[in-house]
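K.L.:
Taking our numbering, I'd label the letters of the sequence shown as residues 228 to 382. A virtual CB, placed ideally from N, CA and C, is assigned to each residue, including glycine. Before we start, here is the structure in question, set down as structure tokens.
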Amino acid sequence: MKAFLRNLKESDIDILYDVENDEKLWKFSDQKKGFSRKVLREYIKIASIENLYVANQKRFVIESFDMKVLGFIDLFDYNKKKKYAYVGIVILKNFRNQGIGKRAIYLLQEISQKIYGIRELRVNIDPNNKFSVKLFEKCGFKKINNSFKKIIFHD
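What follows is the structure in structure tokens.
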């Protein structure tokens with residue numbers, strides 16, 4: 228399925244709320260509690276104004292060309308000096324195993340390099356999350372110590 232990345236918008240609130248409050252997903256991140264709709268509305272509002280340099284994170288919606296939200300992908304813990312950022316991704320349950328994650332990661336790599344000048348993407352994956360390990364390995368990430376890294380730009 229073809230997809231593109233776009234910025235968050237107010238109409239994403241219901242899907243974002245469901246994802247952020249799905250306790251089954253928390254084990255794959257540092258998240259320990261859910262978020263209210265009010266907090267998420269503020270986040271969406273701020274995210275539309277602030278960029279990666281200000282907020283230290285940037286979330287994108289993964290959307291199909293027929294306007295279906297397929298998931299979310301984000302850059303976070305951006306290190307401006309060393310030019311790297313971490314990646315987080317969640318594909319909605321009905322759209323998994325269709326190549327959407329791989330497509331989104333490649334699109335994020337392009338944006339990271341061309342817009343933000345990022346040279347390296349990193350991801351921390353629980354070793355038990357076999358699907359994510361496989362996805363990032365397919366996208367060229369290499370395991371180094373306890374995380375996966377990919378150099379996306381060389382001098």
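Contact between the region 321-331 and the region 291-305 is defined here as three or more beta-carbon pairs at a separation below 8 Å; is this criterion met?
P.N.:
yes
K.L.:
Need the endpoints of the beta strand (DSSP E) that Q284 sits in, please.
P.N.:
284-291
K.L.:
Measuring straight from C-alpha to C-alpha, what distance separates F299 and L279?
P.N.:
16 Å
K.L.:
Check the C-beta distance from A312 over to L334 and give it rounded, since I have them as a contact under 8 Å.
P.N.:
Contact flag wrong, Cβ pair sits at about 15 Å.
K.L.:
Count the other CB atoms within 10 Å of the CB of F358; is the residue buried (16 or more) or exposed (fewer)?
P.N.:
exposed
K.L.:
For E290, collect the residues of the same chain with a Cβ closer than 8 Å to its Cβ; drop the 5 residues on either side in sequence, then sort them by chain order.
P.N.:
A230, F231, L232, R233, V296, L297
K.L.:
Within the region 314-354, note down every full beta strand (DSSP E) run reaching 3 residues or more, in order along the chain.
P.N.:
347-350
K.L.:
Kindly identify the DSSP beta-bridge partner or partners of V296.
P.N.:
E290
K.L.:
Please return the same chain residues whose Cβ sits closer than 6 Å to the Cβ of I378, not counting the five positions on each side in sequence.
P.N.:
E347
K.L.:
Could you give the distance in angstroms between the alpha-carbon of A274 and the alpha-carbon of N283?
P.N.:
Rounded to the nearest whole angstrom, the CA to CA distance from A274 to N283 is 11 Å.
K.L.:
Does DSSP put D257 in a helix, a strand or coil?
P.N.:
coil
K.L.:
Over the uninterrupted beta strand (DSSP E) stretch that includes K361, give me the two end residues.
P.N.:
Under the DSSP assignment, K361 falls outside any beta strand (DSSP E), being part of the alpha helix (DSSP H) whose first and last residues are 357-365.
K.L.:
Taking R268 as the reference, give the member of E247, D257, I240 with the closest Cα.
P.N.:
That would be I240, whose Cα lies nearest to the Cα of R268.
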